[in-house]
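Student:
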Amino acid sequence: MKALDELTFDNRFARLGDAFSTHVLPEPLDEPRLVVASKAAMALLDLDPAVAETSVFAELFAGHKLWAEAEPRAMVYSGHQFGGYTPQLGDGRGLLLGEVYNEAGEHWDLHLKGAGMTPYSRMGDGRAVLRSSIREFLASEALHALGIPTSRALCVIGSSTPVWREKQERGAMVLRLAHSHIRFGHFEYFYYTKKPEQQAELAEHVLNLHYPECREQPEPYLAMFREIVERNAEMIAKWQAYGFCHGVMNTDNMSILGITFDFGPFAFLDDFDAHFICNHSDHEGRYSFSNQVPIGQWNLSALAQALTPFISVDALKEALGLYLPLYQAHYLDLMRRRLGLTTAEDADQQLVERLLKLMQNSGVDYTLFLRHLGDEPAALAVAPLRDDFVDLAGFDAWAEQYKARVARDGDYTQEQRRERMHAVNPLYILRNYLAQNAIAAAESGDYSEVRRLHEVLTRPFEEQAGMEQYAQRPPDWGKHLEISCSS
Ligand code: AMP
Ligand code: MG
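Going by my numbering, the residue at position 482 of the sequence shown is 1244; the numbering climbs one at a time, nothing skipped.
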């Protein structure tokens, strides 16, 4: 266990120099206070969880203090936003404070979001509000607990600093951890500004630090791109299987590590709805729930374009061709497991699709249906779940197909079936209304609800005593919350 001043820094991105990032000091927030910290994320840095309660902790992660070895930098990147290219974006309100090694030799970027203005702030104020910082924190740690690759969050620090959005709010900072903060948009920036040397330097950096095994391949850059395609296919398969809607899949929000990144107006589905749009500025539904799959490929094509100086177009196309089949394989595998199946049959895809269509038409709670499907033997489980469906004949036909499929699947006890299904079907997910309750309390100075919700979400598959209220469908007021895109 380490104290806060015992972290080991090695700031490799900063060493790439001024073409890649700009030195900027964080602008401190007034009266910093700990809102919530993640013990699990602290463990990634070998930090003693007790240090979260110290005033130095809040001061460090609200920009008042810095380690001597930290080298805060704002990174430059660009990206395609809603399909259109924006030539320059960059860290407009976040800083890469430094890169830290833990005792296991793992490397973590420390990124402070909400740290004030940078040369990339454009029209923004460089700040993040408490509401959006809490949402990013909870989402990072909740997705991780579900087994979905994601950036992590160490803590949220609140303050008394006023920040103006639709109304006056309070500034906050969230400390994000990731093995890298390099986005598709980093490669796009150097490609479109025609800086081939920096482009190559960036590619070497990513290859050496994040894809060293690709060096062994005849075409290392191609092997790296293929790996990025594979990781994205797997990540998006998990989003779809767990009902996670990212909301702003611009290429500047896509990580070269294939992790979920940059949380904005995201949402988990309550009722299953393939057409769900969580981002209220997304009028066309470009980033609707079901569009996430083709958009994943679109984004990878945008990255491929930026890699054309290194890789032949034919090879890039071939690698892109891996995306859909890989996505489908991962998705189906996970959905089979969610249905409690241990073997594969060709008709399983149709079994899944029929169920989703029935759920869609009846507005059935996606998470709770799958959770309760594992509570009893298949034959008994479907009976109480039937009540949620409007098309009873349709559901009965599906249930017959499902029960027959389970009977063919294997010989296991109900206890084994429950255990196996509950291990992949969460009881607790980050429903928008739960986040909203926690935020409302935090905005009035009570952080206990954020902390409790975070605790519950760190063990989403495990039934927790006294936490029934976190495993319910949303009340009427919480069903169609308009989550503000301003953050
Ligand atoms: P996002 O929608 O959070 O991915 O942000 C898109 C771009 O706008 C990024 O370059 C951000 O750094 C920048 N940005 C978002 N909010 C602010 C803000 N309040 N101040 C400065 N820049 C911002
Ligand atoms: Mg972003």
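For each residue, glycine too, the CB sits at the ideal point set by N, CA and C.
Label H1216 either buried or exposed according to how many other C-beta atoms from any shown protein chain fall within 10 Å of its C-beta, with 16 as the threshold for buried.
Tutor: Counting Cβ neighbours within 10 Å, H1216 comes out buried, since at least 16 surround it.
Student: How would you write the range of the alpha helix (DSSP H) that S894 sits in, first residue to last?
Tutor: L892 to L908 is the span of the alpha helix (DSSP H), which, as asked, contains S894.
Student: Who are the Cβ neighbours of G1156 in its own chain at under 7 Å, not counting the five residues just before and after it?
Tutor: Around G1156: L1120.
Student: Measuring only the C-alpha atoms, how far is N1012 from A1169?
Tutor: Cα-Cα distance, rounded: 44 Å.
Student: Quick one: which unbroken alpha helix (DSSP H) runs of 4-plus residues sit fully inside the region 1201 to 1239? Chain order, please.
Tutor: Here the runs fully enclosed are 1210 to 1219.
Student: Does DSSP put T848 in a helix, a strand or coil?
Tutor: Correct three-state label for T848: strand.
Student: Near D1110, which residues of its chain fall below 6 Å by C-beta distance, leaving aside the five closest residues on each side in sequence?
Tutor: Contacts found: R1098.
Student: Return yes when the C-beta of L851 is under 7 Å from any heavy atom of the ligand AMP, and no when it is not.
Tutor: Within the cutoff, so yes.
Student: Per DSSP, which residues does F771 bridge with? Please list them.
Tutor: Answer is V862.
Student: In or out: M763 buried (at least 16 other Cβ within 10 Å) or exposed?
Tutor: With fewer than 16 other Cβ atoms within 10 Å, it is exposed.
Student: Which same chain residues end up closer than 6 Å to D853 when comparing Cβ atoms and leaving out the 5 residues on each side of it in sequence?
Tutor: Counting only Cβ-Cβ distances below 6 Å, and skipping sequence neighbours, we find A836, M837, T880 and Y882.
Student: Helix or strand or just coil, what does DSSP make of C1040?
Tutor: The answer is coil: DSSP assigns C1040 none of H, G, I, E or B.
Student: Assuming V1218 and A1081 form a contact by the criterion Cβ under 8 Å, report the distance between their Cβ atoms to the nearest whole angstrom.
Tutor: No, V1218 and A1081 are not in contact; Cβ-Cβ is about 40 Å, not under 8 Å.
Student: What span of residues does the alpha helix (DSSP H) with S1063 cover, start to end?
Tutor: Per DSSP, S1063 belongs to the alpha helix (DSSP H) from Q1054 to A1068.
Student: Tell me, to the nearest whole angstrom, how far the beta carbon of P1027 is from that of I1191; I am working on the premise that it is less than 8 Å.
Tutor: Contact flag wrong, Cβ pair sits at about 16 Å.
Student: Given Q1226, which residues of its chain have a CB within under 7 Å of its CB, disregarding the five upstream and five downstream residues?
Tutor: Correct list, in chain order: V1218.
Student: In angstroms, rounded to a whole number, what distance separates the CA positions of Y1164 and L1101?
Tutor: For Y1164 and L1101, the distance between alpha carbons rounds to 9 Å.
Student: Assess, as a yes-or-no matter, whether the region 843 to 858 is touched by the region 924 to 934 under the definition of 3 or more beta carbon pairs within less than 8 Å.
Tutor: The answer is no - the region 843 to 858 does not touch the region 924 to 934, with fewer than three Cβ pairs under 8 Å.
Student: Within 10 Å of its beta-carbon, does G1020 have 16 or more other beta-carbons around it, so buried, or fewer, so exposed?
Tutor: Classification for G1020: buried.
Student: Hey, does K1165 have any beta-carbon neighbour from chain D nearer than 8 Å?
Tutor: The question asks about chain D, but that chain is absent: this structure has only one protein chain.
Student: In terms of residue numbering, what span does the beta strand (DSSP E) encompassing V918 cover?
Tutor: First-last of the beta strand (DSSP E) with V918: R914 to W926.
Student: Within the present structure, is the beta-carbon of S883 separated from the nearest heavy atom of the ligand AMP by less than 7 Å?
Tutor: Checking the Cβ of S883 against the ligand AMP gives yes.
Student: With burial defined as no fewer than 16 other Cβ atoms inside 10 Å of the residue's Cβ, what is the status of P834: buried or exposed?
Tutor: The residue in question, P834, is buried, as its Cβ has 16 or more Cβ neighbours within 10 Å.
Student: To the nearest angstrom, how far is the alpha carbon of V786 from that of L857?
Tutor: Cα to Cα, the separation comes out at about 8 Å.
Student: In angstroms with no decimal places, state the Cα-to-Cα distance between A1274 and L1094.
Tutor: Absent from the model: residue 1274. The displayed extent of the chain is 763 to 1249, so no value can be given.
Student: Any heavy atom of the ligand MG within a distance shorter than 7 Å of the CB on N1015?
Tutor: N1015 Cβ: within cutoff of the ligand MG.
Student: With a threshold of 7 Å (Cβ to nearest heavy atom), would D887 be considered close to the ligand MG?
Tutor: False, no ligand heavy atom lies under 7 Å from that Cβ.
Student: Tell me whether the beta-carbon of M804 lies closer than 8 Å to the beta-carbon of L874.
Tutor: Against a cut-off of 8 Å, the Cβ pair of L874 and M804 comes out as no contact.
Student: Heavy atom of the ligand MG less than 7 Å from the Cβ of D1024, yes or no?
Tutor: The answer is yes for D1024.
Student: Indicate whether L752 and Y1004 have their beta-carbon atoms separated by less than 8 Å.
Tutor: Since the first residue shown for the chain is 763 and the last is 1249, residue 752 is missing from the structure and cannot be characterised.
Student: If the criterion is Cβ atoms closer than 8 Å, does the pair Q1176 and P1139 meet it?
Tutor: Contact flag set, yes.
Student: If contact is defined by three or more beta carbon pairs under 8 Å, each pair taking one atom from either stretch, is the region 775 to 792 in contact with the region 914 to 927?
Tutor: Touching, yes, given that three or more Cβ pairs across the two stretches are closer than 8 Å.
Student: Which of the three DSSP states, helix, strand or coil, is assigned to G947?
Tutor: DSSP places G947 in helix when its eight states are reduced to three.
Student: Please name the residue in V818, A1159, Y1089 and D1173 whose C-alpha comes closest to that of T1105.
Tutor: Looking at the Cα atoms, D1173 is the closest of the given residues.
Student: To the nearest angstrom, how far is the alpha carbon of E975 from that of F949?
Tutor: Cα to Cα, E975 sits roughly 20 Å from F949.
Student: So H869 is in the alpha helix (DSSP H); what residue range does that whole segment cover?
Tutor: Note, H869: premise wrong, no alpha helix (DSSP H); beta strand (DSSP E) at H869 to K875.
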